[in-house]
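Step one of this worksheet: look at the structure below.
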Amino acid sequence: MEMELHSALPEGVSLHTARMPLKNVTEEELLAMSGLAVEGARLLKDANVDLILYGCTSGSFIGGGEFDKELAEKIENEVKLPVITTSTAIVEALKILDSQRILVITPYTEEINQREKEFLEANEFEVIDIRGLGVVDNTRIGKLEPYEAYRMAKALFTDEADAVFISCTNLRTFEIIEPLEEDLGVPVVTSNQASLWLALRELDVGEKIPWLGRLFTEF
Numbered sequence: 001m002e003m004e005l006h007s008a009l010p011e012g013v014s015l016h017t018a019r020m021p022l023k024n025v026t027e028e029e030l031l032a033m034s035g036l037a038v039e040g041a042r043l044l045k046d047a048n049v050d051l052i053l054y055g056c057t058s059g060s061f062i063g064g065g066e067f068d069k070e071l072a073e074k075i076e077n078e079v080k081l082p083v084i085t086t087s088t089a090i091v092e093a094l095k096i097l098d099s100q101r102i103l104v105i106t107p108y109t110e111e112i113n114q115r116e117k118e119f120l121e122a123n124e125f126e127v128i129d130i131r132g133l134g135v136v137d138n139t140r141i142g143k144l145e146p147y148e149a150y151r152m153a154k155a156l157f158t159d160e161a162d163a164v165f166i167s168c169t170n171l172r173t174f175e176i177i178e179p180l181e182e183d184l185g186v187p188v189v190t191s192n193q194a195s196l197w198l199a200l201r202e203l204d205v206g207e208k209i210p211w212l213g214r215l216f217t218e219f
């Protein structure tokens, strides 16, 4: 995640990170990781940050339709700073793009995909299809090439979908957003793109970044 966000930061904006352990992308480990969020936020507070992002997609939807908001509120109550999560950013991005029928591409297993589908449906989106690569090892996800998500999205896309969402902050996607939008003719939202977009907008930074797709050029 850090590499992609750093590559697109506008001048004058700095990024500070605190890492949390996640070996395998399973429900048990994701819930355990969320329990460490407050401590990570406390470390970041010492850097005098203006906003905290809980930058994990599955880690912020794994507990259900309101889990992202509940987690953000829990962290806010402890550190007294504004907090957003990646899952919240995805919901806001899809809504502002007026997208309702979503094709979802993930690196996850079926178990995690089902949790993501439930989260999106709880937030009033229709999941046309959700497909994953079945990867459990989080380090391996970080080594996946962007073309794997690109190829899957192109193969599965139908006119029934009005947006494509590529999930996971550990999955590189920035270089495929613009070409995929051109190929499919619909908005493409990715976890890191949406996270950066909402974070900047919360900080009143309205930077346009054309190579990050319609989300950054239109909103």
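In the numbering used here, the protein residues as written are 1 to 219. Backbone N, C-alpha and C fix where the C-beta goes; we use that ideal spot for every residue, glycine too. Predicted, not measured: the structure shown is a model, and the values here were computed from it.
| Query | Result |
| --- | --- |
| Option in R101, E110, G63, D137 with minimal Cα separation from E124 | R101 |
| Pairwise C-alpha distance: R172 and E145 | 7 Å |
| I75 Cβ short of 7 Å to the ligand HEM heavy atom set | Of ligands this structure carries none, so the ligand HEM is not represented either. |
| Rounded C-alpha distance that separates E28 from L180 | 33 Å |
| Closest residue to Q197 among K154, F216, I52 (Cα-Cα distance) | Residue identity check: residue 197 is Trp in the sequence provided, not Gln. The shortest Cα separation from W197 among K154, F216, I52 belongs to F216. |
| Own chain partners of N138 with C-beta closer than 8 Å, once the 5 adjacent residues on each side are dropped | L22, K23, N24, V25, N170 |
| Counted within 10 angstroms of its Cβ, other Cβ atoms place A47 as buried (16 or more) or exposed | exposed |
| Start and end residues, beta strand (DSSP E) containing L196 | Note, L196: premise wrong, no beta strand (DSSP E); alpha helix (DSSP H) at 191 to 202. |
| Segment contact, 8 Å Cβ cut-off, at least three pairs: the stretch 44 to 59 with the stretch 86 to 96 | yes |
| Endpoints, alpha helix (DSSP H) assigned at T217 | 214 to 218 |
| Short Cβ contact (8 Å threshold) for I105 with R140 | no |
| Spatial distance of E92 from I128 (CA atoms) | 19 Å |
| C-alpha distance - S7 paired with L15, whole-angstrom precision | 11 Å |
| Per-residue DSSP class, three states only, for F125 | coil |
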